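Student: Residue numbers (our numbering): 14 to 365.
Before I ask anything, here is the structure I am working with.
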Amino acid sequence: MNDVSHVSGVQAADTGDFANVGRTQWWRRGFFASQTAYVAVALIVIMVIMSVLSSAFLSPGNLANVAKNFSFVGIVTLGVTLVIITGGIDLSVGSTMALSAITCAIVMQKVSGTGLDAVPLAGMIVSILCGLGVALLIGLSNGLLIAKVGLSPFVTTLGMLSIVRGLAYAVTEGRGQAPTGPDVNTFYELTDGNLAGVPVAVIYLLVLAAILSLVLHHTAFGRHVFALGGNEKAAALTGISVDRVKIAVYVLSSLSAGFAGILMVGWLGSAPANLATGYELTIIAAAVIGGANLTGGVGGPAGAVIGALLIEVIRNGLVLAGINAYWQIVLVGGIIILAVLVDRLRTLRMTP
């Protein structure tokens with residue numbers, strides 16, 4: 014009996030003595046050790062500074078503009094983050110936004126006055142599906158060329174950027190296309206309306222981010238996406254259909270761009286041929302700032318949302334300060350390099 018008590022006491026003592034062996038501080042574990050956490054802190058600090066420097070920053074009108082602007086970028090960043098996690102890149106999303114938006118607006122014009130007018134919302138639904146269908150075809154083309162033909166993601170999507178933007182100008186001859194028809198007011202409500210005072214674009218973004226989080230962390234597809242970015246050859250050896258996953262992420266990236274482009278039609282009231290020109294850089298910057306690693310294997314929806322919001326808050330602050338808009342482009346490039354540098358330094362510091 015005494016021996017048993019003695020052994021138990023020794024085990025308890027041993028457990029107590031070595032309970033902290035191998036443990037790290039709380040700020041070096043989980044979410045707090047991620048780049049997303051650091052960016053979230055930076056976002057809060059910058060917002061506080063902006064509110065102090067400019068009383069207009071926290072005005073309802075300005076906050077609504079910030080919310081809408083960052084939502085469009087955020088939605089596409091969710092899709093691009095998926096691609097980046099697999100170790101790829103998608104430079105065609107800005108052009109996809111434009112062509113999808115233009116397609117939606119033109120189809121609404123064409124079906125107006127036809128038999129579809131007799132069916133409530135039919136013309137609008139067909140138009141939106143056509144816009145998303147164009148995005149799906151672009152993503153499928155990217156995915157097949159990259160997965161099946163073996164082309165470089167950078168070169169493929171760069172070429173697609175030019176092709177799709179050229180089609181946008183060719184189809185419209187450089188003129189903006191405005192949606193029309195009996196469903197146009199409903200279309201504006203669904204794309205540029207408010208729900209309980211919150212812009213619907215923000216609600217779409219948050220819902221999509223929640224869905225993506227569930228998919229990435231609680232489904233086999235999500236595990237395959239991360240596995241592909243970690244080590245593509247090892248993923249193939251474990252039985253993962255590498256080609257299928259690659260095609261899927263490029264399709265989802267393009268669909269997110271198409272959806273955001275359609276939302277922007279409601280916001281702007283038309284679909285100009287130069288819609289979302291240069292958005293590729295901002296979207297990729299948002300993903301990288303949010304913690305997505307361009308070498309693959311790292312990223313998530315929370316980082317995509319926070320990264321997009323950080324860029325828009327800074328851009329909005331520059332506008333309120335009256336700083337030339339061209340400096341915004343310089344800033345975005347600088348932020349990308351800084352984000353990669355900080356992540357590299359953090360990784361080196363945490364490596365034993």
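Virtual Cβ for every residue (Gly too), placed ideally from N, Cα, C.
Given the structure is predicted, the values throughout are model-derived calculations rather than measurements.
(1) Do you know whose CA, among Val278, Thr251, Leu229, Leu294, lies nearest Val262's CA?
(2) Given that a residue counts as buried once 16 or more other Cβ atoms are within 10 Å of its Cβ, and exposed if not, what is Leu104?
(3) So what does DSSP say about Val65, is it helix, strand or coil?
(4) Within 10 angstroms of the Cβ of Leu361, are there 16 or more other Cβ atoms? Answer buried if so, exposed if not.
(5) What is the residue span of the alpha helix (DSSP H) that Gln190 lies within?
(6) Helix or strand or just coil, what does DSSP make of Asn78?
(7) Taking just the CA atoms, how far does Gly87 sit from Leu322?
(8) Three-state secondary structure (DSSP) at Lys212?
(9) With a cut-off of 8 Å, do at least 3 Cβ pairs link the segment 181-201 to the segment 283-293?
(10) If you draw a straight line from the C-alpha of His237 to the C-alpha of Leu333, how long is it?
(11) Between the alpha carbons of Pro166 and Phe85, how many angstroms are there, rounded?
(12) Which first and last residues belong to the alpha helix (DSSP H) in which Thr116 is found?
(13) Taking 8 Å as the limit between beta carbons, can you name the residues of its chain near Asn198, skipping five residues before and five after?
(14) In its own chain, which residues sit with a C-beta less than 6 Å from the C-beta of Ile349, not counting the 5 before and 5 after it?
(15) Taking the straight line between their C-alpha atoms, what separation do you get for Pro133 and Gly210?
(16) In this structure, does DSSP put Asn198 in helix, strand or coil?
(17) How would you label Thr94, buried or exposed, when you count the other beta carbons within 10 angstroms and need 16 or more for buried?
(18) Candidates Phe234, Gly144, Gly347: which alpha carbon is nearest Met277's?
(19) Can you list, in chain order, the residues of its chain whose CB lies under 6 Å from that of Leu218, leaving out five sequence neighbours each side?
(20) Give the secondary structure of Ala284 by DSSP, where H, G and I count as helix, E and B as strand, and everything else as coil.
(21) What are the boundary residues of the alpha helix (DSSP H) that includes Gly335?
(22) State the Cα-Cα distance for the pair Tyr339 and Gly252, rounded to the nearest angstrom.
(23) Does DSSP classify Trp40 as helix, strand or coil?
(24) Take the Cβ of Trp40 as the centre, count every other Cβ of all protein chains shown within 10 Å, and call the residue buried at 16 or more, exposed below.
(25) DSSP three-state call for Asn207: helix, strand or coil?
(26) If Met193 and Ser125 are in contact, beta carbons under 8 Å, what's the gap, nearest whole angstrom?
(27) By how many angstroms is the C-alpha of Leu221 removed from the C-alpha of Ile138?
(28) Determine the DSSP secondary structure at Pro133, reduced to helix, strand or coil.
(29) Do Gly320 and Val52 have their beta-carbon atoms positioned less than 8 Å apart in this structure?
(30) According to DSSP, is Thr170 part of a helix, a strand, or is it coil?
(31) From Ile57, Gly316, Ser269, pick the residue whose C-alpha is nearest to that of Gly303; which is it?
(32) I'd like the span of the alpha helix (DSSP H) that includes Ile102, first residue to last.
(33) Look up Ser267 in the DSSP assignment and say whether it is helix, strand or coil.
(34) Going by DSSP in three states, Lys161 sits in which element: helix, strand or coil?
(35) For the alpha helix (DSSP H) that Leu294 lies in, which residues bound it at each end?
(36) Could you check where the alpha helix (DSSP H) with Val311 kicks off and where it finishes?
Tutor: The relevant details are as follows:
(1) As a position in the sequence shown, residue 262 is number 249, starting the count at 1. The shortest Cα separation from Val262 among Val278, Thr251, Leu229, Leu294 belongs to Leu229.
(2) By one-based count along the sequence shown, residue 104 stands at place 91. Answer is buried; the Cβ neighbour count reaches 16.
(3) As a working note, residue 65 is residue 52 in the sequence shown. Residue state, collapsed to three classes: helix.
(4) On the sequence shown, residue 361 is found 348 positions in, with the first residue counted as 1. Here Leu361 is exposed, its C-beta having fewer than 16 other C-beta atoms within 10 Å.
(5) Locating residue 190 in the sequence shown gives position 177, where the first residue counts as 1. Element bounds for Gln190: n/a, residue is neither H nor E.
(6) In the sequence shown, residue 78 corresponds to position 65, counting from 1. In this structure, Asn78 counts as helix in the three-state DSSP scheme.
(7) Translated into positions along the sequence shown, residue 322 becomes position 309. Translated into positions along the sequence shown, residue 87 becomes position 74. Taking the straight line from one Cα to the other gives about 8 Å.
(8) Locating residue 212 in the sequence shown gives position 199, where the first residue counts as 1. Correcting the residue identity first, residue 212 is Pro in this sequence and not Lys. The answer is strand: DSSP assigns Pro212 an E or B state.
(9) yes
(10) Within the sequence shown, the letter at position 224 stands for residue 237. Within the sequence shown, the letter at position 320 stands for residue 333. About 44 Å.
(11) On the sequence shown, position 153 is the one that residue 166 refers to. On the sequence shown, position 72 is the one that residue 85 refers to. Near 23 Å, if we compare the C-alpha coordinates of Phe85 and Pro166.
(12) As a position in the sequence shown, residue 116 is number 103, starting the count at 1. Run containing Thr116: 106-124, per the alpha helix (DSSP H) assignment.
(13) Walking along the sequence shown from the start, residue 198 turns up at place 185. Cβ within range, chain order: n/a, list empty.
(14) What you label residue 349 is simply residue 336 of the sequence shown in a count that begins at 1. Cβ within range, chain order: Ala298, Val301.
(15) Position 120 of the sequence shown, counted from the start, is the residue given in the question as residue 133. Position 197 of the sequence shown, counted from the start, is the residue given in the question as residue 210. Looking at the two C-alpha atoms, the distance is approximately 26 Å.
(16) Here residue 198 corresponds to residue number 185 of the sequence shown, with the count starting at 1. Correct three-state label for Asn198: helix.
(17) Locating residue 94 in the sequence shown gives position 81, where the first residue counts as 1. By the neighbour-count rule (16 or more Cβ atoms within 10 Å), Thr94 is buried.
(18) Position 264 of the sequence shown, counted from the first residue, corresponds to residue 277. It is Gly144.
(19) Here residue 218 refers to the residue found at position 205 when the sequence shown is read from its first residue. Contacts found: Ser84, Gly87, Ile88.
(20) As a working note, residue 284 is residue 271 in the sequence shown. Reduced to three states, the DSSP call for Ala284 is strand.
(21) Along the sequence shown, one-based indexing puts residue 335 at 322. For Gly335, there is no enclosing alpha helix (DSSP H), as DSSP marks it with neither H nor E.
(22) As a working mapping, residue 339 is identified with position 326 in the sequence shown. As a working mapping, residue 252 is identified with position 239 in the sequence shown. Looking at the two C-alpha atoms, the distance is approximately 48 Å.
(23) Counting from 1 along the sequence shown, the entry for residue 40 is found at position 27. For Trp40, the predicted structure reports a pLDDT of 46, less than 50, and the residue's modelled location is therefore unreliable. The matter cannot be settled from this model.
(24) Along the sequence shown, one-based indexing puts residue 40 at 27. With a pLDDT of only 46 at Trp40, under the threshold of 50, the placement of this residue in the model should not be trusted, and no figure is reported.
(25) The residue labelled residue 207 in the question sits at position 194 within the sequence shown. Strand.
(26) Translated into positions along the sequence shown, residue 193 becomes position 180. Translated into positions along the sequence shown, residue 125 becomes position 112. The sequence shown places Thr at residue 193, not Met. Indeed, because the Cβ distance is near 5 Å, the residues count as touching under 8 Å.
(27) Numbered from its first residue, the sequence shown carries residue 138 at position 125. Numbered from its first residue, the sequence shown carries residue 221 at position 208. Rounded to the nearest angstrom, the two C-alpha atoms are 20 Å apart.
(28) Counting from one through the sequence shown, the residue named residue 133 turns up at place 120. Three-state result, Pro133: coil.
(29) Numbered from its first residue, the sequence shown carries residue 52 at position 39. Numbered from its first residue, the sequence shown carries residue 320 at position 307. Yes. Within cutoff.
(30) Within the sequence shown, the letter at position 157 stands for residue 170. Three-state result, Thr170: helix.
(31) Taking the sequence shown and counting its residues from 1, one reaches residue 303 at position 290. Cα-wise, what sits closest to Gly303 is Gly316.
(32) The sequence position of residue 102 within the sequence shown is 89, counting from 1. Per DSSP, Ile102 belongs to no alpha helix (DSSP H) and is neither H nor E.
(33) By one-based count along the sequence shown, residue 267 stands at place 254. Ser267: helix per DSSP, three-state reduction.
(34) Within the sequence shown, the letter at position 148 stands for residue 161. Coil at Lys161, not helix or strand.
(35) As a first step, residue 294 must be located in the sequence shown, where it is residue number 281. From DSSP, the alpha helix (DSSP H) with Leu294 extends over 292-302.
(36) Position 298 of the sequence shown, counted from the first residue, corresponds to residue 311. Here Val311 belongs to no alpha helix (DSSP H), and DSSP marks it neither H nor E.
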